[in-house]
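Protein chains: 4
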Amino acid sequence: MAMVCLSDFEAYAKKYLPKIAWDYFAAGADDCTTRDENILAYKRIRFRPRMLRDVSVVDIRTKILGSEISFPVGIAPTGFHQLAWPDGEKSTARAARAMNTCYIASTYSTCTLEEISAAAPGGLRWFQLYIHRPRAASQQLVQRAEALGFQGLVLTADLPYTGKRRDDVRNGFRLPAHMKVKNLEGAFEVCKMSPSFHDCSEYGLPPNSLDPSVTWNDIYWLRSLTRLPIIIKGILTREDAELAVRHGVQGIIVSNHGGRQLDEGPATIDALVEVVEAVRGRVEVYVDGGIRKGSDVLKALALGAKCVFIGRPALWGLAYKGEEGLQDVLRILQDEFRLSMALAGKYFVCKWVLQMFLHASPI
Amino acid sequence: MAMVCLSDFEAYAKKYLPKIAWDYFAAGADDCTTRDENILAYKRIRFRPRMLRDVSVVDIRTKILGSEISFPVGIAPTGFHQLAWPDGEKSTARAARAMNTCYIASTYSTCTLEEISAAAPGGLRWFQLYIHRPRAASQQLVQRAEALGFQGLVLTADLPYTGKRRDDVRNGFRLPAHMKVKNLEGAFEVCKMSPSFHDCSEYGLPPNSLDPSVTWNDIYWLRSLTRLPIIIKGILTREDAELAVRHGVQGIIVSNHGGRQLDEGPATIDALVEVVEAVRGRVEVYVDGGIRKGSDVLKALALGAKCVFIGRPALWGLAYKGEEGLQDVLRILQDEFRLSMALAGKYFVCKWVLQMFLHASPI
Amino acid sequence: MAMVCLSDFEAYAKKYLPKIAWDYFAAGADDCTTRDENILAYKRIRFRPRMLRDVSVVDIRTKILGSEISFPVGIAPTGFHQLAWPDGEKSTARAARAMNTCYIASTYSTCTLEEISAAAPGGLRWFQLYIHRPRAASQQLVQRAEALGFQGLVLTADLPYTGKRRDDVRNGFRLPAHMKVKNLEGAFEVCKMSPSFHDCSEYGLPPNSLDPSVTWNDIYWLRSLTRLPIIIKGILTREDAELAVRHGVQGIIVSNHGGRQLDEGPATIDALVEVVEAVRGRVEVYVDGGIRKGSDVLKALALGAKCVFIGRPALWGLAYKGEEGLQDVLRILQDEFRLSMALAGKYFVCKWVLQMFLHASPI
Amino acid sequence: MAMVCLSDFEAYAKKYLPKIAWDYFAAGADDCTTRDENILAYKRIRFRPRMLRDVSVVDIRTKILGSEISFPVGIAPTGFHQLAWPDGEKSTARAARAMNTCYIASTYSTCTLEEISAAAPGGLRWFQLYIHRPRAASQQLVQRAEALGFQGLVLTADLPYTGKRRDDVRNGFRLPAHMKVKNLEGAFEVCKMSPSFHDCSEYGLPPNSLDPSVTWNDIYWLRSLTRLPIIIKGILTREDAELAVRHGVQGIIVSNHGGRQLDEGPATIDALVEVVEAVRGRVEVYVDGGIRKGSDVLKALALGAKCVFIGRPALWGLAYKGEEGLQDVLRILQDEFRLSMALAGKYFVCKWVLQMFLHASPI
């Protein structure tokens with residue numbers, strides 16, 4: 001089977017992953033409307049391609065928070081990579097370094113931050129944080145990440161509680177016995193004390209361990225813990241974008257958690273427009289969700305994103321051939337992005353929604 | 001089979017109910033366009049979720065006409081619950097009380113108001129009224145309801161004649177011999193005098209027994225009969241909302257009778273917007289039709305409803321396990337509603353229709 | 001099989017008519033986009049139903065050009081009724097008279113005007129005219145119709161040439177040997193002189209016998225031939241509506257010939273709006289195409305039509321049981337129309353297109 | 001099988017062509033969104049047909065750059081006609097001449113320009129140019145074309161690199177051994193020097209032989225090489241249309257290369273509107289992509305195109321019966337176009353998009 005585009009990897013993963021793992025990765029909240037909208041919204045955007053602009057050289061490198069990456073596509077934080085490939089996040093880290101891009105490691109990794117660091121020394125990595133009720137656990141994670149050379153701290157803002165993913169409920173999803181949320185081992189007393197595994201949640205953590213009382217003021221608390229730049233992930237409105245800037249973050253990831261949290265919020269590429277407008281260049285804005293082709297990357301950039309992050313496609317790559325498969329995915333996106341940029345005439349890309357002209361480009 | 005969301009109950013009911021009962025409950029008028037639009041219209045509305053708002057406590061209790069209910073979902077009036085479960089409306093009354101919410105008992109119940117009251121003493125209940133040609137029959141019903149402790153009188157305004165539900169015509173729908181519109185037993189002379197059952201309509205009532213000459217002035221007549229608050233059900237336009245307020249009702253249920261009356265009127269969630277605008281807070285506004293998820297409840301509230309009512313989903317719950325099944329349905333909606341509210345950031349919910357921004361929320 | 005709505009008759013006709021006849025009646029031009037749009041456009045219109053308006057009496061009679069009919073639905077001109085039922089147009093005439101409505105007999109009838117008149121003396125009938133190259137033939141037809149008591153002359157304006165109906169071409173559609181365009185027998189020399197039937201067109205007429213040079217001035221010519229009111233059929237724009245009024249017609253039928261002529265023109269119910277606006281009440285406006293339910297009739301009236309005409313549904317009725325089947329179709333439409341009118345609150349009907357509010361109704 | 005409309009030829013070609021050839025002709029870039037949009041966009045446009053305008057004579061001849069053609073449909077440049085029919089472009093040239101229309105021969109022909117000229121002396125032909133890195137090769141082509149009597153030079157602007165056509169990648173598309181890009185034989189040193197065929201691209205040319213550094217200034221270079229009128233193909237925006245006029249071209253073909261280059265740019269019929277507005281009659285504007293019916297031609301003309309060009313339908317005609325099949329395709333389009341023009345009332349055609357009225361026509 002030729003791996004020509006990202007859907008080929010999706011088809012492979014669906015075929016070869018255990019159903020419970022496929023369902024977990026594919027899951028969206030409730031009716032999966034937002035998960036699917038993330039993709040459909042890209043298809044509604046039209047390029048305005050420009051001709052005869054000398055595209056013999058197409059430089060697709062960019063910088064995010066000062067670090068150069070080979071092209072504006074990083075790896076979004078997703079959990080439990082060992083469900084996709086035995087080496088888990090270690091493979092992810094290696095692939096990201098090989099392709100010279102950024103990998104955001106999740107709190108819910110099945111490898112420790114130390115293992116991830118050791119697997120690919122020198123790679124550009126950010127650390128994604130969920131804030132748990134024992135704040136000390138989160139504090140310790142942040143400080144470990146900084147000490148290990150992670151270069152950014154990504155605070156996920158859209159998961160005070162886990163969204164309702166029907167297939168996971170039907171499957172009774174739990175991590176297999178040999179996998180753990182390793183970064184949090186020892187962080188909770190409850191689970192230790194609990195006589196039976198059943199008192200713990202499906203990820204092997206105590207139930208309700210996430211802290212739903214987090215507010216904007218906790219950005220100051222995080223700031224007090226680390227000198228790392230803080231990127232907030234999960235912003236979907238201009239109002240929250242303004243609040244994020246005012247509270248001093250360095251970056252914003254426009255995200256709806258792959259449609260896994262609140263169903264029927266906006267597609268991320270649609271929300272990106274208002275966030276970019278609100279931010280007015282004061283901090284960098286990124287976007288994840290729904291990226292399936294190189295031209296999606298170009299659309300996101302044309303609408304103001306500095307870089308995009310891929311979630312599920314990275315997992316499909318891992319499922320295909322681990323580190324190598326993920327590199328294949330990234331390489332395809334890279335080639336498609338470079339080609340789209342050349343065919344669109346490089347700079348001049350704009351948005352048509354339902355035949356309505358949104359942005360015009362100067363001659 | 002795991003019962004994870006309301007569609008699971010729908011699938012169960014479709015499988016296990018007699019076809020004639022399923023068809024009767026599922027029926028919509030003519031092409032069923034409005035019945036289906038009720039659901040589709042919710043899917044076109046987009047949340048604008050807000051982040052980091054401390055959602056550790058989410059209080060979902062509310063009050064309707066002064067009575068507290070555990071969350072803003074009540075049971076809409078629907079007929080013939082014995083078609084779904086042997087105990088019929090008695091089970092419905094018990095489930096509503098157990099979940100501490102409001103149950104609107106229908107004129108077309110297969111249990112008497114007295115049986116319903118006795119089944120769940122102390123429960124919050126309203127009584128739904130059709131006005132029949134012998135006005136004395138309706139007067140007697142209203143007064144029985146008041147005497148039995150029902151706390152509201154719901155006048156259905158959209159059924160001067162019964163809509164054309166094709167499947168009911170094809171099935172030759174009639175109540176099974178052992179079920180009756182018990183509340184109206186003895187109310188009509190015609191049927192008694194009639195030598196054959198065939199002179200009666202499909203519900204065992206005389207044909208054309210509904211009074212199609214009802215007008216707004218009959219609100220004054222009802223007011224003269226009872227001290228109960230009067231809620232009018234079936235309003236779909238700003239003009240009628242204004243008339244309802246002027247005629248002194250205490251509440252309005254925006255409803256199209258589940259799409260069973262006039263086909264190709266508006267979806268109720270769309271009509272809600274203009275009714276709420278017209279009413280300007282002078283009376284409480286509720287809505288029914290198309291509620292299938294907790295987030296639908298949140299959308300209705302965000303657009304101005306004080307509470308929603310569920311019709312068919314309650315019947316599916318009854319069909320599944322009677323009182324217990326209906327509690328399951330309510331509990332799922334409750335959990336989903338609480339979660340949606342938390343994930344949307346509690347207060348800040350708005351409406352996007354076809355990517356168009358309708359309501360903005362302040363920072 | 002219960003005949004509950006018009007689609008039941010359609011299904012019957014599709015099953016029992018010879019394929020070549022079904023295809024001929026069902027045919028639309030090219031991709032059949034307009035044929036299907038005629039129906040879809042009705043589904044996009046939303047009622048604004050009003051409540052509590054005393055609908056105990058619903059009078060659905062109306063007058064067209066001064067003649068009373070039992071409800072605002074007449075029989076549009078369609079050709080070759082013997083393809084649907086042996087008695088052909090004679091059955092149609094009888095059914096229309098029995099239901100007390102208007103039947104527009106086509107030039108392309110398989111019975112003569114004399115046979116049609118004799119079949120149902122006293123019925124309200126108009127005569128539909130195509131203008132053929134030998135103008136004398138058309139003149140004679142008009143004068144026969146007037147002499148026979150037809151009360152209106154309907155000039156079809158949208159058929160200078162026959163549209164391209166792919167299935168008819170594939171089927172090599174021709175009238176069966178025993179059917180003829182009887183009204184035109186003897187009208188053309190060419191066919192008589194022609195040694196072989198193959199020189200004649202598929203209807204047994206000479207090829208290119210229709211006159212494509214007809215202009216607005218020919219209205220004056222028609223006026224000079226007859227005192228009958230002239231109704232022009234096939235108008236789709238405000239510009240042509242204005243021209244029709246200026247040239248002195250008494251009525252306009254907004255029509256696209258059932259989508260059989262130019263594909264991808266507007267649906268008739270959409271075109272009706274601008275025609276009604278342009279006409280400003282100076283002449284009566286009717287509409288045909290896409291009427292499948294009583295509520296479609298109500299929508300057309302709400303948007304300004306004085307009466308609608310049905311084409312294919314009448315043929316389905318004939319195919320079902322001749323005169324009796326057509327009466328069934330009309331009776332169903334009548335019942336549905338009366339019910340829709342009552343449920344919509346009688347007068348207050350308006351148009352929503354894609355959620356956009358077009359016409360508001362006063363309180 | 002009756003060949004009634006263009007889709008019949010499409011079905012035939014899909015059935016009888018080798019899969020690799022069918023896939024190559026059918027291919028669109030990436031998700032094929034733009035390829036399919038080219039067709040769908042026509043279906044969204046509505047005519048405003050006018051009646052009674054004397055359409056007894058419908059003259060469909062037109063002129064492009066001063067040369068008369070029998071109707072406003074020419075043959076767009078497409079590659080490798082021998083994949084469709086053994087005689088390849090020679091058949092195309094003969095069919096175009098027989099139908100008295102214009103044929104744009106592609107650089108990527110499988111016959112030489114000399115063979116094409118000899119096959120149909122006196123036919124109206126333009127030559128389509130890709131600019132390759134060895135500019136001398138392109139210069140020689142232009143001068144050969146002019147010497148052979150080609151009457152226009154069409155510069156393709158949208159192919160600095162070849163689009164990503166997934167099926168071609170999957171199929172490992174290559175020209176069969178006995179076919180060559182004959183016009184370029186001997187033009188490249190690299191291929192000759194290359195020891196193995198595999199160093200060459202799928203068309204038997206050196207990889208990356210196209211020159212992606214072409215800019216607007218190269219129009220001046222082309223102008224210096226030839227006195228032929230220059231037509232630029234691939235313009236999709238008003239900005240580029242203005243640039244084209246300023247750089248002195250004689251014509252513009254609005255084209256997205258049949259959706260084979262950048263996916264998710266605009267449909268050509270949508271882009272036509274803004275190009276025509278920008279050009280304000282200073283040069284002739286043509287359009288290709290998505291033409292499948294005579295009424296599509298009329299829509300394009302109504303929106304300002306002087307002539308349209310067909311790509312894939314011409315190949316389907318060749319695949320059916322070579323020169324004769326292509327004539328069939330053209331004749332069907334011609335008949336359909338003439339009929340549409342008559343039924344639309346000749347001049348008065350306009351655009352409705354999603355029920356919105358764009359252009360009104362005077363009475």
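Chains as they are written, first to last, in UniProt numbering: chain A, 1 to 363; chain B, 1 to 363; chain C, 1 to 363; chain D, 1 to 363.
Cβ atoms here follow ideal geometry from the backbone N, Cα and C, with glycine treated the same way.
Please read all numbers here as calculations on a predicted model, not as lab measurements.
From the DSSP output, read off the bridge partner residues of residue i.
i	result
Ile64 (chain A)	A:Ser67
Phe309 (chain C)	C:Gly74, C:Asp288
Gln261 (chain C)	According to DSSP, which records beta bridges pairwise, Gln261 (chain C) is partnered with nothing at all.
Trp126 (chain C)	C:Ile104
Leu155 (chain A)	A:Leu129, A:Ile232
Gly204 (chain A)	Its beta-bridge partners do not exist; DSSP assigns none.
Thr215 (chain C)	D:Arg53
residue 375 (chain B)	Because chain B is modelled from 1 through 363, residue 375 (chain B) falls outside the range shown and cannot be assessed.
Leu210 (chain B)	B:His132
Kindly indicate which residue of the options has the alpha-carbon position closest to the one of residue i.
i	options	result
Ala177 (chain D)	D:Ile64, D:Lys233, D:Tyr203	D:Tyr203
Arg246 (chain C)	C:Ala271, C:Val273, C:Ala278	C:Ala278
Asp31 (chain D)	D:Ala120, D:Asp167, D:Ala93	D:Asp167
Ala13 (chain C)	C:Phe337, C:Arg312, C:Pro206	C:Arg312
Gly259 (chain C)	C:Asp211, C:Leu159, C:Pro18	C:Leu159
Met1 (chain C)	B:Glu114, B:Asn171, B:Pro72	B:Asn171
Asp211 (chain A)	B:Ile104, B:Ala93, B:Val275, B:Ala342	B:Ala342
Arg50 (chain C)	B:Gly345, B:Leu315, B:Ala244	B:Ala244
Since residue i and residue j are thought to touch, with beta carbons under 8 angstroms apart, how far apart are those beta carbons, to the nearest angstrom?
i	j	result
Asp288 (chain A)	Ala76 (chain A)	4 angstroms
Ala29 (chain D)	Gln261 (chain D)	6 angstroms
Val181 (chain A)	Tyr108 (chain A)	5 angstroms
Leu318 (chain D)	Leu326 (chain D)	5 angstroms
His257 (chain C)	Gly234 (chain C)	6 angstroms
Val273 (chain A)	Ile252 (chain A)	Contact flag wrong, Cβ pair sits at about 13 angstroms.
What does the alpha-carbon distance come out to for the pair residue i and residue j?
i	j	result
Ser7 (chain B)	Val169 (chain A)	14 angstroms
Gln250 (chain B)	Gly149 (chain B)	18 angstroms
Ile131 (chain B)	Leu175 (chain A)	59 angstroms
Gly66 (chain B)	Lys293 (chain A)	55 angstroms
Cys307 (chain C)	Thr237 (chain C)	18 angstroms
Pro195 (chain D)	Glu146 (chain A)	Below a pLDDT of 50, predicted positions are generally treated as unreliable, and Pro195 (chain D), at 49, falls in that range; no measurement from the model is reported.
Ala96 (chain B)	Thr110 (chain B)	17 angstroms
Gly152 (chain C)	Gly122 (chain C)	14 angstroms
Ala105 (chain A)	Arg135 (chain A)	19 angstroms
Val190 (chain A)	Leu184 (chain A)	Legend: pLDDT at Val190 (chain A) = 48, less than 50; position of this residue unreliable, value from coordinates given subsequently. Approximately 13 angstroms, taken between the alpha carbons.
Contact between the segment 265-277 of chain A and the segment 30-38 of chain A (3+ Cβ pairs under 8 angstroms) | yes
The segment 216-233 of chain D touching the segment 13-23 of chain A, judged by at least three CB pairs closer than 8 angstroms = No, because fewer than three Cβ pairs between the segment 216-233 of chain D and the segment 13-23 of chain A fall closer than 8 angstroms, the two stretches do not touch.
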